[in-house]
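Chains as they are written, first to last, in the numbering used here: chain E, 170 to 524; chain Y, 80 to 343; chain D, 2 to 306.
What follows is one structure encoded as structure tokens, with my remarks underneath.
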Amino acid sequence: MLNKTRSALGLAVAAAMLAGVAQAEEGKLYLFNWTEYMDPEIIEAFEEKYDVEVVTNYFNSNPEMIAKLNAGGTSQYDIVVPSNYYIPRMIETGLIQKLDRSQIPNFDNLMAQFKDPSFDPGAEYSAAYQWGTTGLVYNTETFPDAPKSWSLLFDPEVNGDYPFSMIQDGQVATGSACAYLGASFDCSGLDDLKNAARLLIETKNRDNFSGFTDGTPTLQQLARGVTHVGMSFNGDYLYFKDEDPETFEHLDFVIPDEGAEMWVDSMVIPSEAPNPELAHKFIDFILDAEIGAQLSNYNYYASPNEAARPHLDEVLTQPPTQPSEEDMARLVFTPSLSGQQLQTFQQLWSEVKAR
Amino acid sequence: MRKRTLKRGLSAFWWLTLVFLYLPLAVVVLFSFNAANSAASMTGLSLRWYHQLFANDQIMSAFGNTLVLALTSSLIALVIGCLIGYGMYRHRHRKLGWLIVLIYLPIVLPDIVFGISEMAFFVKVNELTGLLGPGLGTMIIAHVTFQIPFVALIVYSRFVGLDPSLFEAAKDLYASPFKRVVHFMLPTIKPALISAFFLSFTLSVDDFVISFFTSGPESATLPIYIWGAIKKGVSPEINAIATLMIAAVALAALASLVVNRRKA
Amino acid sequence: MTDTAVLGRSQGMVREARHLLFTVTPGAAWIIVFLVLPSAYLMGVAFMTNGPYGLPQMPLSLDSFKQLAGFGFLGWSPGNLYTLLRSLWQTLVATGLVVIVAYPIAYYITTCRAKWRPIMLLLVVVPSWTNQVIRTFGWMNLLAPGTPLSSVAESLGLIAPNMGLYPSNFAVTLGLVYNFLPFMVLPLYAAFEKLDTAQVEAAQDLYATPVKAFWHAVFPQTLPGLLAGIVLVAIPAFGMYVIPELLGGGKALMLGNLVANQFSGGSNWPLGAAGAILMLLATFAGLYAMRRIGKRLGGGEEVVI
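Below, the structure is given as structure tokens:
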């Protein structure tokens with residue numbers, strides 16, 4: 170009888186061990202990336218070159234990405250591609266490890282400003298992947314004389330009737346409200362944040378507000394006519410426009426005159442990545458001149474890769490991928506908040522969501 | 080007279096409710112054959128979303144994960160739940176209040192509390208020991224946890240429904256407890272075992288919230304994949320996967336009908 | 002009693018105890034290790050401090066409960082209270098509607114011929130066998146702007162032009178009713194099946210209106226089924242996550258979303274844990290209340306929980 174008890178317990182233990190089976194199989198690279206952000210052919214080329222398998226998981230926003238890492242993801246992924254304003258907090262909390270530059274000879278291909286970014290001095294932890302902007306996308310048939318302004322979202326006089334969405338990432342939504350109110354997109358003062366939150370609450374309670382959505386799905390909603398204005402990314406806009414030119418003919422991407430966000434997405438290696446060696450190889454592979462160009466040619470984002478420049482398609486040198494000089498002057502980084510500031514912001518944002 | 084109008088009214092209400100229950104599913108099935116990428120209008124019939132579906136490795140692996148998870152967890156829960164169901168029956172005259180509370184706990188705990196408790200706990204254990212990293216293993220553990228009570232209760236109520244003298248007869252007939260289990264107990268509760276297994280399986284396939292919080296990079300199930308696809312912006316492929324899952328459920332329903340008929 | 006008999010009896014007791022241990026231990030241990038411990042850990046998290054990036058930290062504190070009540074760095078704000086009230090309200094409305102729909106349906110099934118009844122019950126239950134995400138997705142398809150239902154609602158002036166029926170609070174209520182209807186029909190049907198028809202007929206002769214007859218003869222008899230149904234509907238509805246997330250569009254946040262967002266948005270684990278404790282308390286309070294009501298009205302024994 171006791172033997173049976175033991176064997177029953179053994180079964181339970183065996184099942185529990187199942188979970189412990191190390192996932193770090195040799196020859197597998199776990200990539201955690203944004204949706205619609207990677208040319209499948211690049212993945213195939215990498216798999217072939219190193220005889221490995223790449224397993225990709227996707228996220229739609231930075232908050233979603235960090236939540237997955239906090240929930241055990243630091244030992245699950247080899248490469249993650251967060252945006253600039255999340256990198257300092259990932260360094261500070263020890264979620265990511267320092268890069269071994271000796272394993273990334275192609276790092277030198279990056280443009281000078283990406284070798285020493287403000288969010289990661291000396292680029293010790295991150296290697297730039299792509300950069301882009303977050304702006305407004307709207308239906309030109311609904312708004313033939315649309316102002317180049319955030320008022321398309323925030324002013325009921327400008328859009329009182331047509332459904333619109335705002336971006337799910339609280340910091341970016343708050344930035345746009347700040348910009349509209351005359352503070353800068355990268356506002357971080359308490360009063361500015363409070364005013365922005367107040368405006369966001371007012372706006373989300375308007376009848377024609379349809380919901381908070383992430384940047385990429387916003388474009389799908391616009392394409393299907395579910396919404397008529399929303400916030401999204403320049404490269405994704407071009408990518409979908411290329412896929413479905415007919416629908417996107419009357420959708421336009423603009424950088425509002427009040428200012429908007431420019432971001433840099435960078436490759437980082439989680440602190441307990443199962444296969445850091447392969448992760449370094451992957452970063453080096455992406456930073457290759459031709460691969461870097463292939464990537465940008467595929468996803469329509471601007472390349473941080475100086476060496477890739479000769480191989481880039483012409484469309485990438487024009488707006489909206491490469492914003493005009495005027496617009497460029499209005500673009501700022503979303504601030505990376507920390508400590509008390511971050512907690513204050515989070516409280517305001519949860520208030521916006523709850524009301 | 081009044082009774083007839085009442086009956087007619089009820090009948091009309093019944094059909095209306097059926098429309099209400101099946102309309103959303105019907106729309107999913109209909110749009111899975113839509114030629115256009117639109118949720119609002121049908122432009123023609125086509126199988127293109129199904130072609131895309133079968134060419135999509137992620138969907139296929141999610142399908143595999145769903146099956147492995149449901150089968151494995153149901154089998155483990157069947158063994159453990161069966162034991163506990165029998166224990167509850169055999170010792171029903173003792174004070175087992177604590178056991179009843181324990182068994183009802185997974186049933187009454189809100190999904191979201193269930194899911195995040197396990198997630199937070201697994202993360203902590205993983206941090207300390209390296210075991211229980213999120214993946215199919217943690218999902219199986221979580222699913223077994225909510226399946227055990229249902230199996231136990233079904234098996235228990237089957238035993239309660241039996242004539243106690245049967246047990247005495249079996250005791251006379253088979254000397255060894257092992258033989259009693261194989262030749263008497265298991266055959267007698269077979270119907271309960273089958274329905275417990277199917278219920279466990281259904282519960283597993285039906286679950287989203289708990290799976291979502293305990294899954295890892297390679298263990299997405301179909302509901303998790305669909306959730307991701309919805310969040311990413313509705314792709315008509317979702318209609319096609321959902322249709323296949325609805326078809327599976329319809330088949331199961333038909334099967335249960337046939338089985339019931341045969342019994343009657 | 003001889004010594005051997007005493008010995009035999011105590012041996013038998015030992016054997017029984019062993020048997021109990023053998024059958025019950027694996028399951029009980031499983032639930033304790035994989036559910037009770039995790040829940041206890043989560044409760045512990047609620048009493049920790051929120052770290053700078055949303056993860057729990059020492060020292061212990063009651064900050065998360067204060068935050069849940071709305072007291073933050075910026076003074077008191079009503080957001081969480083709104084969420085709580087919205088959850089209660091949605092649960093109340095959805096449960097009420099489910100009861101209103103389920104009563105006639107359950108009754109109608111019992112009036113039909115015996116051979117049809119299993120099929121009819123199956124028809125009611127089958128939609129709930131499909132995944133929750135898929136069912137909700139079906140409603141997203143049906144209620145989106147530009148769909149026939151939305152156009153009808155628009156022409157009736159029920160919603161603003163160009164707006165769909167989804168996302169909205171209404172869509173969430175509808176989703177909840179759809180999701181939970183079968184869980185009310187089944188126990189009510191079981192109650193109706195046991196109904197003493199003689200009593201009902203007598204009541205029909207006794208009371209002038211069908212409403213009175215229903216109230217005095219039918220309702221008390223179906224009460225156990227109703228209570229069981231309310232437990233099965235209201236508790237999961239209160240903690241619902243999927244439906245408000247997909248059909249609410251950011252205007253209909255419920256407690257389940259508030260809790261989940263603290264984890265899935267990576268913002269504040271202790272606050273999420275405190276919310277989970279609130280949900281647990283509400284669940285147990287609800288169960289307790291139902292039991293009390295059931296007992297007082299005499300149907301207590303038959304309530305499932």
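Quick reminder that beta carbons are idealized off the backbone N, C-alpha and C, glycines included.
{"Query": "Classification of E:N374 by the beta-carbon crowding that lies within 10 angstroms, buried from 16 upward", "Result": "exposed"}
{"Query": "Run of the beta strand (DSSP E) containing E:V302, from where it starts to where it stops", "Result": "Residue identity differs from the one stated: residue 302 of chain E is Thr in this sequence, not Val. Here the beta strand (DSSP E) through E:T302 covers A296 to N308."}
{"Query": "E:N278 versus E:V327 - alpha carbon distance", "Result": "45 angstroms"}
{"Query": "Whether Y:G160 touches Y:A231 by CB criterion (8 angstroms)", "Result": "yes"}
{"Query": "Per-residue contacts from E:R367 into chain D (C-beta, under 8 angstroms)", "Result": "Going along chain D, no residue has its Cβ under 8 angstroms from E:R367, so there is no contact; the nearest lies around 11 angstroms."}
{"Query": "D:T26 in three-state terms, based on DSSP", "Result": "helix"}
{"Query": "Chain Y contact for E:Q390 (CB, 8 angstroms cutoff)", "Result": "yes"}
{"Query": "Three-state secondary structure assigned by DSSP to D:T84", "Result": "helix"}
{"Query": "D:A29 and Y:L97 closer than 8 angstroms at C-beta", "Result": "no"}
{"Query": "4-residue-minimum alpha helix (DSSP H) runs that sit fully inside the segment 181 to 227 of chain D, ordered along the chain", "Result": "198 to 207 and 211 to 214"}
{"Query": "Separation of E:F228 from E:T342, as counted between CA atoms", "Result": "For clarity, residue 342 of chain E is Ala in the given sequence; the question names Thr instead. Their Cα atoms are separated by approximately 18 angstroms."}
{"Query": "E:A458 to E:F276 span [Cα, whole Å]", "Result": "10 angstroms"}
{"Query": "Whole runs of the alpha helix (DSSP H) within the segment 125 to 210 of chain Y, excluding any shorter than 4 residues", "Result": "127 to 134, 136 to 169, 176 to 187 and 190 to 208"}
{"Query": "Proximal residues of chain Y, C-beta to C-beta of E:N226 below 7 angstroms", "Result": "P296"}
{"Query": "Coil, strand or helix - E:M280 by DSSP", "Result": "coil"}
{"Query": "Residue-level contact to chain D via CB, E:A352, 8 angstroms cutoff", "Result": "no"}
{"Query": "Limits of the unbroken alpha helix (DSSP H) element including E:K363", "Result": "L359 to K373"}
{"Query": "Contact set between the segment 157 to 183 of chain D and chain B, restricted to residues whose Cβ is under 8 angstroms from the partner", "Result": "Here the protein chains are E, Y and D, and chain B is not one of them."}
{"Query": "Where E:D421 falls: helix, strand or coil (DSSP)", "Result": "strand"}
{"Query": "Distance, D:A161 Cα to D:I294 Cα", "Result": "43 angstroms"}
{"Query": "Integer Cβ distance of Y:T224 from D:F35, believed to fall under 8 angstroms", "Result": "5 angstroms"}
{"Query": "Beta-bridge partners of E:F402, as assigned by DSSP", "Result": "E:T303"}
{"Query": "As assigned by DSSP and simplified to three states, the class of E:L464", "Result": "helix"}
{"Query": "Pairwise C-alpha distance: E:V521 and Y:S274", "Result": "47 angstroms"}
{"Query": "Buried or exposed (CB count within 10 angstroms, at least 16 for buried), E:G291", "Result": "exposed"}
{"Query": "Segment contact, 8 angstroms Cβ cut-off, at least three pairs: the segment 254 to 272 of chain E with the segment 70 to 78 of chain D", "Result": "no"}
{"Query": "Residue range of the alpha helix (DSSP H) that includes E:T204", "Result": "That residue, E:T204, is in no alpha helix (DSSP H); it is neither H nor E in DSSP."}
{"Query": "Backbone CA spacing between D:F220 and Y:I325 [nearest angstrom]", "Result": "36 angstroms"}
{"Query": "Neighbour list for E:L511 in chain D, Cβ cutoff strictly below 8 angstroms", "Result": "P53 and Y54"}
{"Query": "Y:F263 versus Y:H170: straight-line alpha-carbon distance, rounded", "Result": "19 angstroms"}
{"Query": "Beta-carbon proximity of E:L481 to E:E430, cut-off 8 angstroms", "Result": "no"}
{"Query": "Residues that Y:M198 contacts on chain E, provided the C-beta gap is smaller than 9 angstroms", "Result": "A240 and G241"}
{"Query": "According to DSSP, residues forming a beta bridge with E:N226", "Result": "E:F201"}
{"Query": "Collapsed DSSP secondary structure at E:A193 in the structure displayed", "Result": "In this prediction, E:A193 has a pLDDT of 46, which is less than 50 and means its spatial position is unreliable; nothing more can be read from the coordinates."}
{"Query": "Candidates Y:I317, Y:F276, Y:D190 and Y:K86: closest to D:A108 by CA position", "Result": "Strictly speaking, residue 108 of chain D in this sequence is Tyr, with Ala absent from that position. The shortest C-alpha separation from D:Y108 is found at Y:K86."}
{"Query": "Backbone secondary structure at D:T50 - three-state DSSP", "Result": "strand"}
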